[in-house]
Every structure is written in structure tokens, then in C-alpha cells.
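Engineer: The opening position of the sequence shown corresponds to residue 12 in the numbering used here, with each subsequent residue numbered one higher.
In this text, a Cβ means the ideal position worked out from N, Cα and C, and glycines have one as well.
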Amino acid sequence: MSIPLAKHLAHTDKKTRDKAVKALATFLSDDTQEPISKTDMAKLWKGIFYCFWMSDKPLVQQALASELAELLLTITSLPASLAFLRGFWEATVREWGGIDRLRLDKYYMLVRRFVNATFRLLARSQWDKDACENYNETLTREGGPMCPSDIRVPTGLAYHLADIYLDELEKVLGTAPEPILPAPLSTLFTPFFVLAARTPLSMTYKRIQEEVFDPLLSALSPPPAEPEERPQKRARLEDGSSREQKYSALVSNACFDSPTEGKIEADVLRKRLLRQVFDVASEPDTKDSSRRKMYALFKESTEEDQGEEG
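#1: Say yes only if the C-beta of D161 is nearer than 6 Å to one or more non-hydrogen atoms of the ligand FMN, and no if none qualify.
#2: May I ask you to report which of helix, strand or coil DSSP gives P190?
#3: If I measure Cβ to Cβ from Y216 and keep anything under 8 Å in the same chain, skipping five residues before and after, which residues do I get?
#4: Using DSSP's beta-bridge definition, name the partner residues of A265.
#5: Who are the Cβ neighbours of G58 in its own chain at under 6 Å, not counting the five residues just before and after it?
#6: Exposed or buried, which one is A307 when buried takes at least 16 other CB atoms within 10 Å?
#7: So the candidates are Q220, I175, G108; which of them puts its Cα closest to the Cα of A128?
#8: Where do the N-terminal and C-terminal ends of the alpha helix (DSSP H) with M120 fall, by residue?
#9: What are the boundary residues of the alpha helix (DSSP H) that includes P234?
#10: Put R303 into one of helix, strand or coil per three-state DSSP.
#11: Of the residues D51, T23, P270, which one's Cα is nearest the Cα of A94?
#12: Smallest Cα separation from S40: which of T27, E81, R124, W107?
#13: Would you identify the three-state DSSP class for A17, choosing helix, strand or coil?
#14: Could you please give the first and the last residue of the uninterrupted alpha helix (DSSP H) stretch that includes P90?
#15: Counting C-beta neighbours from all protein chains within 10 Å, is the total for L150 16 or more, i.e. buried, or is it exposed?
#16: Rounded to whole angstroms, what's the CA-CA distance from G109 to T85? Just pull it up for me.
#17: From what residue to what residue does the alpha helix (DSSP H) around C158 run?
#18: Leaving out five residues on either side along the sequence, give the residues of the same chain with a beta carbon under 8 Å from the beta carbon of T27.
#19: Going by other Cβ atoms of all chains shown within 10 Å of its Cβ, with 16 needed for buried, is K25 buried or exposed?
#20: Give me the Cα-Cα distance between L180 and D316, rounded to the nearest whole angstrom.
#21: Where does V288 land, buried or exposed, given buried means 16+ other C-beta within 10 angstroms?
#22: Could you check if G98 is buried or exposed, using at least 16 other CB atoms within 10 Å of its CB as the buried criterion?
#23: With distances taken Cα to Cα, identify the nearest neighbour of M120 among A76, W64, L199, F60.
#24: Which word fits E276, buried or exposed, when buried means at least 16 other C-beta atoms lie within 10 angstroms of its C-beta?
#25: Under 6 Å Cβ to Cβ from A292, same chain only, skipping five residues before and after it: list those, please.
#26: Output the boundary residues of the alpha helix (DSSP H) element that contains E45.
#27: Could you round the C-beta distance between L132 and S92 to whole angstroms and report it? I think they count as a contact, below 8 Å.
#28: Provide the residue span of the alpha helix (DSSP H) that contains Y146, from first to last.
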């Protein structure tokens with residue numbers, strides 16, 4: 012990677028920036044190129060970050076966000092794609108504190124586009140186990156957006172990921188141009204289990220349970236069998252029914268952790284994910300406050316399932 016290209020990405024002239032993005036796509040798609048060094052990757056991503064910084068009209072921002080995220084899929088080597096993705100997250104965490112309020116929404120959009128492209132990349136790899144684990148490690152390692160112990164990481168990034176993760180996975184599963192293997196939910200949601208268990212912040216745990224655990228478990232719940240349920244329980248079951256509708260593509264094409272074994276029934280998958288909640292809660296690194304909440308989630312959801320079966 013030549014440093015001038017990285018500098019052109021952050022040029023004040025839009026035409027120069029546009030040409031640099033096109034040149035970058037050509038460079039990344041050339042599988043004869045040597046891997047980008049860590050130092051050059053950091054310089055490259057600083058240029059990309061400020062290329063996006065200077066996009067100032069909504070339609071231009073949307074187009075550029077999509078174009079940048081598609082670079083992940085332009086790269087022909089899966090390890091190279093994952094290295095490029097790691098560069099994105101390292102730059103995002105590093106530069107996030109300097110984003111002013113007026114620019115924040117467009118960077119949230121950029122993160123959303125990259126999450127979507129990442130799911131498409133992993134789906135294209137047939138949910139390759141090593142690739143999924145590499146991605147999870149990128150998210151949860153020191154300096155990653157979901158690292159529970161790194162106080163330098165802005166909490167807003169983890170909150171945003173919690174808000175969009177299910178929706179973006181649903182989009183990818185629902186709009187795939189050709190059949191894909193079932194999504195391994197246990198693997199894909201491991202970063203949320205890790206962060207929920209180990210975060211020192213009660214608000215972070217609350218956000219993950221409300222935006223990830225609850226809607227995911229609700230989506231996997233069976234629809235209400237009878238209308239004559241007591242009001243409180245009926246409301247919760249109806250919520251589960253609407254969630255199942257909302258995440259229908261996910262529910263119909265998911266497995267626990269082994270895509271090659273095929274999709275599994277929603278109620279079986281729900282029970283296995285609840286067991287994962289229990290197991291993570293039992294780990295020694297889990298914070299006591301999170302342990303209590305995860306045990307409570309397991310107990311309440313399990314009792315609810317048993318009540319429906321009875």
C-alpha cells in the first residue's frame with residue numbers, strides 16, 4: 012500500500028477522494044498484492060476514516076458508506092478481508108472520541124453498513140468457524156468495540172452494535188441471492204455473552220438484554236397456543252409472536268454452532284441458547300451483578316417454556 016493513496020483518501024477535493032476510493036477497490040481486489048502491514052493498515056484506515064468525515068450530504072454519505080463496506084467483499088482472500096475489517100474497528104475505536112455530535116449519525120450508519128457486509132462475508136465463507144472466531148476476537152479484544160475491560164472503548168459503540176445486530180443479520184439471511192448455510196447463533200452472539208457477563212456497567216448489560224437477548228429469545232418462542240391466557244403473560248407471548256414475525260428469516264435458517272448439520276427447530280435452539288446463558292453466568296470471570304441477572308433470565312425463560320408445555 013502506497014502512503015500517497017492513503018493521503019488522497021483524506022484530500023479536501025471530493026474528486027480526488029472519489030478516485031482514491033476507486034483505486035483502493037482495485038488495489039484490494041488484486042490478489043497478487045502482498046498483505047498490508049499493520050502500520051500501513053492503520054495509515055490506510057486513518058485516510059478512509061477522514062474520507063468519510065468530509066462527505067457532507069446525506070445521499071453522498073449513504074453511497075460512500077455502502078461503497079466502503081463493500082470493500083470487505085471486494086477482497087478475494089478471507090484472511091485479508093478479516094485483516095481489513097480489524098483495521099476498520101481499530102480505527103473506529105481510536106477515532107470515535109473525536110467525532111462531533113453533527114457527524115455522529117453518519118458514523119453510526121457506517122458501522123451498520125460494515126456489520127451488514129461482515130455478515131455477508133461470513134455467510135459467503137459458509138460461516139467458517141475460524142473466520143467467525145477471528146471476527147469475535149476483533150470485537151472483544153483490547154481496543155475492540157465490545158471489550159469489557161478496556162475503559163478507552165466508548166460505550167456508544169457497543170450500544171449501537173446491540174441495537175442493530177439482529178436487524179442486520181435478519182436482512183442478510185432474508186435477502187441472500189442464493190441459499191446459504193444456517194447462521195450459527197451461539198457463535199455469532201458470543202461477543203454479547205462475553206460483554207454482558209464481564210461488563211462493569213449495569214447500563215451495558217441492560218442494553219444487551221433488552222436489544223439482543225430478549226428479542227432473540229422471543230423470536231424463538233412458539234406462538235401463543237390459546238387466547239385465554241392471563242393478561243400479563245398473554246402480552247409477553249404476543250410480543251414473542253411479533254418478534255418471530257420480525258425475525259422470520261433468522262428463525263427459519265439458524266443453528267446453534269454447526270452450520271453443516273443444518274438448521275434446527277426454534278424451540279430447540281432457544282433452549283440451547285438459554286443453556287449458554289446459564290453456562291456463561293457460571294463462569295468465574297462473570298461479574299456477580301451480571302451473574303444474578305443471567306441466572307434470572309434463564310430461570311424466568313425456562314419457567315415460561317415449562318408453563319407453555321404444561
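Structural biologist: Short version:
#1: By its list of ligands, the structure shown contains no ligand whatsoever, and the ligand FMN lies outside what it can speak to.
#2: Assigned with DSSP and collapsed to three states, P190 falls in coil, not helix or strand.
#3: Here the set comprises A207, T210, S300, S301, K304.
#4: The partner list for A265 (beta bridge, DSSP) reads A194.
#5: Sequence-distant partners of G58 (beyond 5 residues in either direction) whose C-beta falls short of 6 Å from its own C-beta, in its chain, are A17, L20, A21.
#6: That one is exposed.
#7: Comparing C-alpha distances from A128 to each of Q220, I175, G108 shows the shortest one belongs to I175.
#8: Note, M120: alpha helix (DSSP H), 112 to 135.
#9: Run containing P234: none; DSSP gives neither H nor E here.
#10: If DSSP states are grouped into helix, strand and coil, R303 belongs with the helices.
#11: Ranking D51, T23, P270 by Cα distance to A94 puts D51 first.
#12: Among T27, E81, R124, W107, the Cα nearest to that of S40 belongs to E81.
#13: Note: A17 maps to helix in three-state DSSP.
#14: P90 -> alpha helix (DSSP H) spans 89 to 106.
#15: Classification for L150: buried.
#16: A straight-line Cα-Cα distance of about 29 Å links G109 and T85.
#17: Where C158 is concerned, there is no enclosing alpha helix (DSSP H), because DSSP gives it neither an H nor an E.
#18: Cβ neighbours of T27 beyond the five flanking positions: H19.
#19: Here K25 is exposed. Its C-beta has fewer than 16 other C-beta atoms within 10 Å.
#20: Rounded to whole angstroms, L180 to D316 spans 25 Å at the Cα level.
#21: Buried, because 16 or more other Cβ atoms sit within 10 Å of the Cβ of V288.
#22: So G98 ends up on the buried side.
#23: It is A76 whose Cα lies nearest to the Cα of M120.
#24: Counting the other Cβ atoms within 10 Å of the Cβ of E276 gives fewer than 16, which makes it exposed.
#25: Correct list, in chain order: R302, M305, Y306.
#26: First-last for E45: undefined, no H or E at that position.
#27: Rounded to the nearest angstrom, the Cβ distance from L132 to S92 is 6 Å, consistent with a contact under 8 Å.
#28: Note, Y146: alpha helix (DSSP H), 140 to 151.
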